[in-house]
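Novice:
Protein chains in written order, with our numbering: chain C, 56 to 521; chain Y, 56 to 521.
1) Measure the CB-CB distance between residue 233 (chain Y) and residue 209 (chain Y) and report whether it falls below 8 Å.
2) Would you kindly work out how many angstroms separate the C-alpha atoms of residue 134 (chain C) and residue 190 (chain C), rounded to a whole number?
3) Do you know how far the Cα of residue 163 (chain C) is from the Cα of residue 257 (chain C)?
4) Kindly indicate if chain A contains any beta-carbon less than 8 Å away from that of residue 383 (chain C).
5) Which residues, in chain order, does the region 415-438 of chain Y contribute to contact with chain C at a C-beta distance below 7 Å?
6) Would the beta-carbon of residue 449 (chain Y) be found less than 7 Å away from any heavy atom of the ligand HEM?
7) Since residue 331 (chain Y) is in the beta strand (DSSP E), which residue starts that stretch and which ends it?
8) Indicate the three-state DSSP secondary structure (helix, strand or coil) for residue 126 (chain C) in the structure shown.
9) Would you say residue 245 (chain Y) lies against chain C (beta-carbon separation less than 8 Å)?
10) Grab me the residues of residue 230 (chain C)'s own chain with a C-beta within less than 7 Å of its C-beta, minus the 5 sequence neighbours each way, in chain order.
11) State the DSSP-derived secondary structure class of residue 273 (chain C), mapped to helix, strand or coil.
12) State whether the region 458-473 of chain C contacts the region 123-131 of chain C, with contact taken as three or more CB pairs (one from each stretch) at a distance under 8 Å.
13) At which residues does the beta strand (DSSP E) containing residue 421 (chain Y) begin and terminate?
14) Taking 8 Å as the CB-CB cut-off, is residue 303 (chain Y) touching chain C?
15) If we count the other Cβ atoms within 10 Å of its Cβ and call it buried at 16 or more, is residue 508 (chain Y) buried or exposed?
16) Given a threshold of 16 other Cβ atoms within 10 Å of its Cβ, counted over all protein chains shown, does residue 454 (chain Y) qualify as buried or as exposed?
17) Label residue 423 (chain Y) either buried or exposed according to how many other C-beta atoms from any shown protein chain fall within 10 Å of its C-beta, with 16 as the threshold for buried.
18) Only counting runs of 4 or more residues, tell me where the alpha helix (DSSP H) segments fall wholly within the region 103-153 of chain C, in order along the chain.
19) Can you give the Cα-Cα distance for residue 57 (chain Y) and residue 140 (chain Y), rounded to whole angstroms?
20) One question on the structure: do residue 522 (chain Y) and residue 370 (chain Y) come within less than 8 Å of each other, judged by their Cβ atoms?
21) So, does the region 190-206 of chain C touch the region 63-82 of chain C, judging by three or more C-beta pairs under 8 Å?
22) Which residues does DSSP pair with residue 430 (chain C) in a beta bridge?
23) Please report how far the alpha carbon of residue 427 (chain C) lies from the alpha carbon of residue 288 (chain Y), in whole angstroms.
24) Using a cut-off of 7 Å between C-beta atoms, extract the partners of residue 241 (chain C) located in chain Y.
25) Between the beta-carbon of residue 223 (chain Y) and the beta-carbon of residue 204 (chain Y), is there less than 8 Å?
26) Please name the residue in C:378, C:269, C:225 whose C-alpha comes closest to that of residue 502 (chain C).
27) At which residues does the alpha helix (DSSP H) containing residue 218 (chain Y) begin and terminate?
28) Is residue 343 (chain C) close to chain Y, meaning its C-beta is less than 8 Å from at least one C-beta of that chain?
29) Report buried or exposed for residue 403 (chain Y), applying the criterion of at least 16 other Cβ atoms within 10 angstroms of its Cβ.
30) Using a Cβ-Cβ cut-off of 7 Å (strictly less than) and excluding sequence neighbours within five positions of residue 177 (chain C), which residues of its own chain qualify?
31) Could you say which of Y:352, Y:351, Y:332 lies nearest to residue 343 (chain Y) if we only look at CA atoms?
32) Just to confirm the assignment: which complete alpha helix (DSSP H) runs, minimum length 4, are found wholly within the region 293-358 of chain C?
33) Once the 5 residues before and after residue 514 (chain C) are set aside, which same chain residues still bring their CB inside 7 Å of it?
34) Would DSSP call residue 508 (chain C) helix, strand or coil?
35) Assuming residue 407 (chain C) and residue 418 (chain C) form a contact by the criterion Cβ under 8 Å, report the distance between their Cβ atoms to the nearest whole angstrom.
36) Using the C-alpha atoms, what's the distance from residue 165 (chain C) back to residue 101 (chain C)?
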């Protein structure tokens, strides 16, 4: 292909991969589907990104940016071929400016490293997706990733105050800046964060940091009934206490983790809620007691406080192991993140029970219960076409349930390829059209990450192999 | 005019005002300039807004939405005539959903009422612009208003999770929803908030609430030197403590308030910093002591703690009186809100001193020092053309200084008419063009609030009468 030859005139040859083996290793992410790119281009500086985008824009070649490809919604998949733009090889770099309470980072920096760098100054970068040790901040920015601490602190978007962005036409711009307050024109920063790589390529981000709370306290609360757990979560959140984390695991998740990497979780419990409170030691001592009272009054079986930091860390590690652990149960897992208003969590749990029965599928549930963001995972086998048809129907019912309960298709994983067919159900025709107008005005040739977010004509959810 | 007659076919006649006296009362806001609308239309429901916008879009009539017109940047001014769309007569309505930690409000509701409604459930709506008792939430949403509590809690945008919007073409859409987490497509909510009425008319908002902290503590710290005050603010903020408010007043502001409504402020102080800490009583007792230590170590003359709640309220009332008080000193005040990274506050103060000398203008300074958002106010007399020319040059220098220090033209007042000429200086040609593309794609006939945000060809800052 002519354009691949042209690429070589400005990108070092070792950063361009075109063998079938290389293209195969860039054909998938943490979600569904496999699509071969025509070429992989590893970029390491903004000028390279700008040059690639200018060329792609001229030849109308799709550009599919990716970091570590842990994405659960298909964001990096080259569904229309073209270029896999790999930013994971960019040098990791994060600089903390403690007096301004900000950090400036390269797109490839692993999210966990940013928090580590902040902690060296007694600060913190709150967003903590479970993949923080491996995923890049660039991917987090594209997908607006969440995580357990989202409950108290908010998601990625809430901590981004400035970006350097290469536009679909290959121009380098800056949005926002280094100030906490900024109302100079439209908020392009928050428009680009979460736009799933459809509006350009982020090459640098300025992130807001917070003082790190002096202490944290973990609690594990055991329930013999899922609905009671939901009610206890609601009750706690309306008591005036805002925990930093409030995570839910059902019995299947608990057992999966114990089979995978035993952590001493109560395998006979119907559900557990793991809570973290942060703040001053005096305050969290009082709050811990109040949370225990609330939970027990509403019917918790028991609540336990880990005696050492190591024990607490073990519980949180177990929570992070849920995803890999349940992946061992059946060959395929379809991970959802339909989200409802906090008070509707017990209702969502009831709806999930009905869906499970109706379509005869295996669903396990865990997630960020405190902010209404559960992760129902359907465990299945993608080689079984008949089962996958039932899974498709179950997933459709989940989306419908979430929207009927006043919620949304996606709380933190993004729309990507899988949920695009359901966008109009949530946004309406006009709302979706207004998003499309923005996209078209920035990317007239449609080169940036095509096939994501916006449904293609007649597109349906397909989890079966074609 | 034909279109005014047509308006009467679907808007009750008493809601349409066309007398010269009526048009005059809608010709100004809290900023500069007077422009007559052709007609005033008071709307009270979304269907009326949709019908007005459909008509205006057909006839290409400018539509200038306004709430209580307390705007400090010219947002509501009908600079190209057309319709003043008055939303202040819409019924005030706010409903709190305590289990979901949200409130749903009509656009006309006074911002202070929303916080009152939240407090009835032990919750709070943090944004607290000084005009909260009179300004509408609709205006706050259009301008993305801040306020003292922005330091800890963020600005209006950080608390909006859903909108009902009438588009420039008269369609009614919903953005976002009732969930805290939502990554379904582009974030139209955060795009519209702060877009100064250029992308449509907001007819309802869903706002996030927080548990109200059980206690607050006010401190007043006195300095005999402005730069030391700046350094003390920086030092406190990097100590791990995040006060809910941290406000600065220079000597001229202190004296103005004492002349206007005596509050017992120290009139001989060079500057004062007023701080509020919130949280659990045990925690704020410890934090109060630490803040006092930090401030005194760095050179504060003294710090005082009000003995009663009434005394604390008096101090905060005095802070709110700064704006009206300084307006008594000279006939005209030009209120700026150039914002810099927190650490650059002492530098900004130095630059303001230089600008004051250079252009021989009177500048007083107060504002939200904790987040780098100062309000330098130039006191002048708009009838004095020669003085106003100097004021224009001083304001230009302020913008330049803010941007050179890594800051922004506007932290919370918005761009409106006055700052539009400086947009390209901050955003660059491409950045500004990308904003304009969004605007044009949503509002192809350019009817929504024209003359705001985007500079017109050759537009310059003009504070003199034409």
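We put the CB at the ideal spot given by N, CA and C, even for glycine.
Specialist: This is what the structure gives:
1) As a position in the second chain, residue 233 (chain Y) is number 178, starting the count at 1. As a position in the second chain, residue 209 (chain Y) is number 154, starting the count at 1. Not in contact: residue 233 (chain Y) and residue 209 (chain Y) (Cβ atoms no closer than 8 Å).
2) If you number the first chain from 1, residue 134 (chain C) lands on position 79. If you number the first chain from 1, residue 190 (chain C) lands on position 135. Approximately 21 Å between the Cα atoms of the pair.
3) The residue given as residue 257 (chain C) occupies position 202 in the first chain. The residue given as residue 163 (chain C) occupies position 108 in the first chain. Their backbone Cα atoms lie some 10 Å apart in a straight line.
4) The chain inventory of the structure shown lacks chain A, comprising the protein chains C and Y.
5) Contact residues of the region 415-438 of chain Y toward chain C are 426, 427, 428 (C-beta to C-beta distance below 7 Å).
6) Among the ligands in the structure shown, none appear at all, so the ligand HEM cannot be discussed.
7) The residue given as residue 331 (chain Y) occupies position 276 in the second chain. 326-334 is the span of the beta strand (DSSP E), which, as asked, contains residue 331 (chain Y).
8) As a position in the first chain, residue 126 (chain C) is number 71, starting the count at 1. Note: residue 126 (chain C) maps to coil in three-state DSSP.
9) Residue mapping note: residue 245 (chain Y) aligns to position 190 of the second chain, counting from 1. Judged by the 8 Å Cβ criterion, residue 245 (chain Y) is in contact with chain C.
10) Walking along the first chain from the start, residue 230 (chain C) turns up at place 175. Closer than 7 Å at Cβ, skipping near neighbours: 217, 218, 220, 243, 244, 247.
11) In the first chain, the residue the question calls residue 273 (chain C) occupies position 218. Three-state result, residue 273 (chain C): strand.
12) yes
13) In the second chain, the residue the question calls residue 421 (chain Y) occupies position 366. Run containing residue 421 (chain Y): 417-423, per the beta strand (DSSP E) assignment.
14) Here the question's residue 303 (chain Y) lines up with position 248 in the second chain. No, no contact with chain C.
15) Your numbering for residue 508 (chain Y) matches position 453 in the second chain. Under this definition residue 508 (chain Y) is a buried residue.
16) Position 399 of the second chain, counting from 1, holds the residue named residue 454 (chain Y). Buried, because 16 or more other Cβ atoms sit within 10 Å of the Cβ of residue 454 (chain Y).
17) Translated into positions along the second chain, residue 423 (chain Y) becomes position 368. So residue 423 (chain Y) ends up on the buried side.
18) none
19) For this step, residue 57 (chain Y) is matched to residue 2 along the second chain. For this step, residue 140 (chain Y) is matched to residue 85 along the second chain. So the two alpha carbons sit approximately 18 Å from each other.
20) Here chain Y has residues from 56 to 521 only, and residue 522 (chain Y) is not among them.
21) When C-beta atoms of the region 190-206 of chain C are compared with those of the region 63-82 of chain C, fewer than three pairs fall below 8 Å, so the two segments do not count as touching.
22) Start at 1 with the first residue of the first chain, and residue 430 (chain C) comes out as number 375. BP columns for residue 430 (chain C) point to C:421.
23) Here residue 427 (chain C) corresponds to residue number 372 of the first chain, with the count starting at 1. Here residue 288 (chain Y) corresponds to residue number 233 of the second chain, with the count starting at 1. Our two residues, residue 427 (chain C) and residue 288 (chain Y), have alpha carbons roughly 38 Å apart in a direct line.
24) To locate residue 241 (chain C), count along the first chain from 1; it is residue 186. Neighbours of residue 241 (chain C) on chain Y, chain order: 246, 250, 490, 493.
25) Position 168 of the second chain holds residue 223 (chain Y). Position 149 of the second chain holds residue 204 (chain Y). No, these two residues do not count as a Cβ contact at 8 Å.
26) Here the question's residue 502 (chain C) lines up with position 447 in the first chain. When only C-alpha atoms are compared, the closest one is C:225.
27) Stepping through the second chain from its first residue, residue 218 (chain Y) is reached at position 163. Where residue 218 (chain Y) is concerned, there is no enclosing alpha helix (DSSP H), although the beta strand (DSSP E) it sits in stretches over 215-221.
28) Counting from 1 along the first chain, the entry for residue 343 (chain C) is found at position 288. No, because no Cβ of chain Y sits closer than 8 Å to the Cβ of residue 343 (chain C).
29) Within the second chain, residue 403 (chain Y) is the residue found at index 348, counting from 1. That one is buried.
30) As a first step, residue 177 (chain C) is located in the first chain; it is residue number 122 there, counting from the start. The answer, listed in chain order, is 266, 267.
31) Indexing the second chain from 1 puts residue 343 (chain Y) at position 288. That would be Y:332, whose Cα lies nearest to the Cα of residue 343 (chain Y).
32) 306-315, 336-352
33) As a first step, residue 514 (chain C) must be located in the first chain, where it is residue number 459. Cβ neighbours of residue 514 (chain C) beyond the five flanking positions: 475, 476.
34) Here residue 508 (chain C) refers to the residue found at position 453 when the first chain is read from its first residue. Coil at residue 508 (chain C), not helix or strand.
35) Position 352 of the first chain, counted from the start, is the residue given in the question as residue 407 (chain C). Position 363 of the first chain, counted from the start, is the residue given in the question as residue 418 (chain C). Correct: roughly 6 Å between the Cβ atoms.
36) As a first step, residue 101 (chain C) is located in the first chain; it is residue number 46 there, counting from the start. As a first step, residue 165 (chain C) is located in the first chain; it is residue number 110 there, counting from the start. Linking residue 101 (chain C) to residue 165 (chain C) through their CA atoms gives a straight-line distance of about 18 Å.
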